[in-house]
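Comments concern the structure below.
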Amino acid sequence: MLKRAMTRHASPILQTLLDTDAYKLHMQQAVYHRYYDVNVAAEFRCRGDDLLGIHADAIREQVAAMQHLHLSDEEFHWLKSLPFFKADYLDWLRDFRYDPSQVQVTNNHGHLDIRLSGPWREVIMWEVPLLAVISEVVHQHRAPGVTPQMAVNHLETKLREFNALTDGLDLSHFRLMDFGTRRRFSREVQQAIVERLKQEPWFIGTSNYDLARRLDLTPMGTQAHEWFQAHQQISPDLANSQRAALQAWLDEYPDQLGIAPD
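In short: position in the sequence shown from 1, add 17, done, that's our numbering.
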């Protein structure tokens, strides 16, 4: 018989609304301006045979706690300083709150089932932090003794191997950025890894808006495949849906965020 995993987190895993990938806010602004009334649904699919359903209760608790996240004044003004965002969207985002009723988390005979549904402008924000929650809950259950320093020590080993393998090579065009939020071991481990990588000349930034703000890094990201997938349903002509997606993006960001897709 499968037993429920004990909840290890006495406090919420997520501490800020900005603990997500930058492209989610970029897409959310475009959805807010262009598809305000569009409703969507999405489901979590575990690609392996892991029986993650035992963590359903712990994940559900973290989802409930997310309703209390909101932009701080400092975060609002930092976003306002970036060239991507318009005033009306940021004013709306300042009042945004996660709605846990949009998320159904179920232990389906040991398998973890998660379904999201609701307005696209709101549901778009769930994916990255929810995957980060799943990853942290599972990893802390499986390897509770792992610390951020242990992760950095492992990284140091990998960096020495990398330096040995690339000795004598021209790395002047080599660039590395962090896109690890959704698959991270934990929030603390990701921060420790990014802080260490920041010391390397080829490390250019992170997709995580919270880390970018606090560690003075360049936030990286444009849009996700989600943008194009949604347009396959939104557009009246499937054959031209990608053209419509790109045009809508260019209309929203004529002078920025022109690389597609992430």
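Note that beta-carbon positions come from the ideal geometry of N, C-alpha and C, so glycine has one too. Please read all numbers here as calculations on a predicted model, not as lab measurements.
How many angstroms separate the CA atom of residue i from the CA atom of residue j?
i	j	result
V80	P117	6 Å
E217	D254	47 Å
R192	N125	42 Å
Q6	A265	This structure does not reach residue 6, given that the chain is present from 18 up to 279, and the question cannot be answered.
M142	M194	22 Å
V211	F202	13 Å
R231	R159	29 Å
W109	L176	43 Å
Y115	F93	17 Å
L234	F220	10 Å
G162	H171	14 Å
D184	D67	40 Å
Quick one: residues in its chain with C-beta nearer than 6 Å to the C-beta of residue i, no 5 flanking neighbours on either side, listed in chain order?
i	result
P29	A82
E269	A47
M23	Its pLDDT being 41, under 50, M23 is placed unreliably in this model, and the value from its coordinates should be taken loosely. Excluding sequence neighbours, M23 sits near nothing in its chain.
R196	The sequence as given places Phe at residue 196; Arg does not occur at that position. Counting only Cβ-Cβ distances below 6 Å, and skipping sequence neighbours, we find S224.
T37	V145, P146
Q166	none
T33	D227
Please name the residue, chosen from the options, that lies closest to residue i on a Cα-to-Cα basis.
i	options	result
V120	R200, R77, R138, F102	R77
A59	M237, A73, E139, A168	E139
H248	P236, M237, A261	A261
E144	Y40, R64, L228, D67	Y40
T289	L214, D272, Y52	Beyond the ends of the chain as shown, which are 18 and 279, falls residue 289; an answer cannot be given.
D90	Q259, S252, A181, D112	D112
F273	G70, F102, N56	Sequence check: residue 273 is Gln here, not Phe. Ranking G70, F102, N56 by Cα distance to Q273 puts F102 first.
A168	V206, Y52, S189	V206
Just to confirm my understanding: we take residue i, look at its own chain, exclude 5 residues before and 5 after, and list those with CB closer than 8 Å. What are they?
i	result
L31	Q79, A82, M83, L86, P146, A149, V150, R204
M44	I141, Q240, A241, E243, W244
R62	none
Within its chain, find whatever has a CB closer than 7 Å to the CB of residue i; leave out the 5 residues flanking it on each side and keep chain order.
i	result
Y226	L35, T37, A39, L42, P236
Y49	Y106, W109, R138
T123	A73, D130
Q.
Could you check whether the region 126 to 137 touches the region 86 to 105, counting it as contact only if at least three pairs of C-beta atoms, one from each stretch, sit closer than 8 Å?
A. Short answer: they don't touch.
Q | Whole alpha helix (DSSP H) elements within the region 232 to 262, 4-residue minimum | A | 242 to 251
Q | Whole beta strand (DSSP E) elements within the region 107 to 178, 3-residue minimum | A | Given a length threshold of 3 residues, each whole run of the beta strand (DSSP E) inside the region 107 to 178 is given here in chain order: 120 to 125, 128 to 136.
(Q) Could you tell me which whole alpha helix (DSSP H) segments of length 4 or greater appear in the region 25 to 69? (A) 39 to 51
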